[in-house]
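Residue numbers (the working numbering), protein chains in the order written: chain L, 22 to 296; chain D, 22 to 296. Below: one structure, written as C-alpha cells.
Number of protein chains: 2
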Amino acid sequence: MADVTGPVLVTGMGLMGSSLAAALTAAGIPVLVHHHRPEVALRAEARGFGRAITDLTTPAAIAVVCTPVSTIPGIVRTIAQGPTPVITDVGSTKGGLVESLADLAPRFIGSHPMCGSHKQGLEAVDPDLYRGRLTMITPTPASLPDQVSAAEALWRAVGCRVLRVDPIRHDHLVAEASHLPHVMANITAALLSAEAAPVGAGGFRDTTRIAAGSPALWADILTANATAVTDLVSQAESRLIQLRHLLAIGDREALATWLAEGHAGRRRFDDARHH
Amino acid sequence: MADVTGPVLVTGMGLMGSSLAAALTAAGIPVLVHHHRPEVALRAEARGFGRAITDLTTPAAIAVVCTPVSTIPGIVRTIAQGPTPVITDVGSTKGGLVESLADLAPRFIGSHPMCGSHKQGLEAVDPDLYRGRLTMITPTPASLPDQVSAAEALWRAVGCRVLRVDPIRHDHLVAEASHLPHVMANITAALLSAEAAPVGAGGFRDTTRIAAGSPALWADILTANATAVTDLVSQAESRLIQLRHLLAIGDREALATWLAEGHAGRRRFDDARHH
C-alpha cells in the first residue's frame, strides 16, 4: 500500500477540513492549512493542525479542497496553477464536478468521505471523524494510477476504508443513502405541529435528527445532485401514493407486504455493517 | 393526587404489558397478569410480575388491555362482564376505539403511553419503559371524574406524565409524531439498493431505525389510524412535489427556505423536550 509522500495541503477549515488536518497531524504527516479568511488558518495553526499558508499554489504532495460544494471547481483551478500533482476534495456529489474539471483529469480526482456532523466549523474539530468510515473515490478512465494511489493513501492514513466508484453511479448511491434520508427527515419534521411536538418520542427524535442540518448547506448539496435526488423523490412519491391507496381500500395484508419492503431495506443496511 | 386503590389487571404479556406489570410490582402495587396463552402468564408470574389469572372477569381496581390494536374492543367487552370499574388500554389510536366502545364510556377510557421498542415480547421486558414518558388519556364528555383520576393515578404510578386529549385530536397528533415518521423511515429504507447499503452512515442509520419495526404490527397501527395518516401522507406528497419543482427550476434560495421549514419543525420538537 502506498504512503502519503509529502505535505498535504488542506483548504477550508470547517469541520471536515480541520478534522482532516488534525487527523493527518496526529498520523505524523506534515500539513499546510489554508482558509479564505487567513485568521482562521492561523487559529488552526495555533491549535497544532499544520502550518498556515495564504497561497494555494504552495507546493504539496496532495491538496484536499474542503470548502462548500459550489466553490470547489474555482479553488481546484487555483491550486492547479501551482505544482501540486494531485488535487482532491470532500464534496458530496461528483458527477457534475468531475465533468466540469475533465480538462484537469490527470490531476483532479474526486473524493467523498462518508462522515460529517450537524456541528459545523473549526470549533467542532474531531480528529477521529474519519476513523473507520468509508471514503468513495471517483477515478475516470483519464485518471493516472499514481494519482489514484495517492488519493487512496491519503484516506487510509486517517483510518478510512476506500471504495472506487464511477462518478455518476456515486451520485445515485449517495442520493439513496444520504440525500433522500435528509429530504424525508426534513419533511417529517416540517409536518410536526407545535401541539404535536410534546408527543414525539424516540422514534421522532431519531427519524428527524438530520433535519437539524443547515438549510443553506443542504440546498447546495441537493442542487448539486438534482438529477439523482429527483429520481428518488419521484420513487418516494410513488410509494406514498401506493400507501394512500392501500389505506383507502383497507387491505391490511397488502399493507404489511408494502411495509416489509422497508423492513428488508433496513436489513440490507444492517447486513452491510457486519462486513 | 389519587393513588391506585387496588390490584391492577394487566392482559397481554408482550413488551408493553409485561413492562407495565413489572413497573407496577416494583412500585408495590398488586398485579394480576393474564395472557391468551396461560403459560405466558405463568412465565410472567414466575418472574415476579404479579399473580397469573385465566379469567378476565376477576375483580380488579383497574384493568389495562395491552394486546394488539384490533383485539382491544373484544377484550374490553369481556372484562366488562366482570365487576372491574375502570378499563383502559395502551393502543396507539383512539378515535375509532373510543367510538366503538361508546356504550361502555363510564367504564372504558383510552390511554396511549408514548413508549415502545423495536424489541417485542415478554423477553424484552423493561421495568423502566414508562419512566419519564408521556401518556395521553382520552376522556369523553361521558367519562366520570373518578374514572379519569384512576387512569391518571395508574400512569403516574409507573412514572409517566399524563396529558388529557380528545380522542380524534389524539389520533392526528400521533400521526404527526409517530405514524408519519414510521412511513417516511420505511420508504427511505425501501429505496436503499444493495449496492448503496455500504454507503449509508449515521444519518441513514438514525433516519431508518424504526423501519425495523414489525410490518404486521404497523399494518394494524396505520390501518387503525387511516384517516389521520392519509391526511399526513397527502401533505408529505405535496412537499415532495414542491421539492421536485424547486430542483427542476434550480432555485437554491427557495430550496433553502423550503428546507428551513423542516429545520424549524425539528426545533419545535427539541424545544418541547426542554419544558
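The C-beta atom is built at its ideal place from N, Cα and C for all residues, glycine as well. From a predicted model like this one, the values you see are computed outputs, not experimental measurements.
Among the residues of the region 31-46 of chain L, none has a Cβ less than 8 Å away from any Cβ of chain D. Taking 8 Å as the cut-off, the Cβ atoms of residue 147(L) and residue 259(L) do not count as close. In this structure the region 41-54 of chain D touches the region 76-89 of chain D; the number of beta carbon pairs closer than 8 Å is three or more.
Cβ atoms of residue 93(L) and residue 86(L) come within 8 Å of each other, at about 5 Å. Judged by DSSP secondary structure, residue 205(D) falls within the alpha helix (DSSP H) whose first and last residues are 201-211. For residue 244(D), the nearest CB of chain L lies under 8 Å from its own CB, placing it at the interface with that chain.
At a cut-off of 8 Å between C-beta atoms, residue 51(D) does not count as an interface residue with respect to chain L. Closest in C-alpha terms to residue 36(D), from the list 72(D), 191(D), 229(D), 144(D), comes 144(D).
In the three-state scheme derived from DSSP, where H, G and I count as helix and E and B as strand, residue 284(L) is classed as helix. If you ignore the 5 residues before and after residue 210(L), its C-beta comes within less than 6 Å of the C-beta of 229, 232, all in its own chain and listed in chain order.
Fewer than three beta-carbon pairs drawn from the region 58-73 of chain L and the region 103-122 of chain L are found closer than 8 Å, and the two stretches are therefore not classed as touching. Residue-level contact check: residue 176(L) does not touch chain D, since none of the beta carbons of chain D fall below 8 Å from its beta carbon. Between the region 176-185 of chain D and the region 199-214 of chain D there are fewer than three C-beta pairs closer than 8 Å, too few to call the two in contact. By the neighbour-count definition (other C-beta atoms within 10 Å, threshold 16), residue 152(L) is an exposed residue. Residue 157(L) and residue 250(L) have their C-alpha atoms roughly 18 Å apart. With contacts defined as CB atoms closer than 8 Å, residue 108(D) and residue 257(L) fail to qualify as a contacting pair.
Chain L has no Cβ within less than 8 Å of the Cβ of residue 29(D). Here residue 279(L) has 263, 264, 267 as same chain residues with Cβ atoms under 7 Å from its own Cβ, once five neighbours each way along the sequence are excluded. The C-beta separation of residue 164(D) from residue 130(D) comes to about 6 Å, placing the pair in contact by the 8 Å criterion. Here the C-alpha atom of residue 191(L) lies approximately 11 Å from the C-alpha atom of residue 119(L).
Here residue 270(D) is exposed. Its C-beta has fewer than 16 other C-beta atoms within 10 Å. Burial is judged here by how many other beta carbons sit within 10 angstroms of a residue's own beta carbon; residue 286(D) has at least 16 and is buried. In this structure, the beta-carbon distance from residue 216(L) to residue 201(D) does not fall below 8 Å.
If you draw a straight line from the Cα of residue 104(D) to the Cα of residue 273(L), it is about 35 Å long. Nearest neighbour of residue 142(L) by Cα position, chosen from 154(L), 125(L), 117(L), 58(L), turns out to be 58(L). Of the residues 43(D), 196(D), 124(D), 33(D), the one whose Cα lies closest to the Cα of residue 245(D) is 196(D).
For residue 114(L), the three-state secondary structure derived from DSSP is coil. The Cβ of residue 147(L) sits no closer than 8 Å to any Cβ of chain D. For residue 169(D), the enclosing alpha helix (DSSP H) stretches over residues 166-178. With respect to the C-alpha of residue 179(L), the residue from 168(L), 149(L), 282(L), 220(L) having the closest C-alpha is 149(L). In the three-state reduction of the DSSP assignment, residue 37(D) falls in the helix class. Close to residue 136(L), with beta-carbon spacing below 7 Å, are these residues of chain D in chain order: 222. Between the alpha carbons of residue 177(D) and residue 159(D) lies a gap of roughly 15 Å.
Taking residue 138(D) as the centre and dropping the five residues before and after it, the same chain places the C-beta of 36, 145, 147, 150 closer than 8 Å to its C-beta, in chain order.
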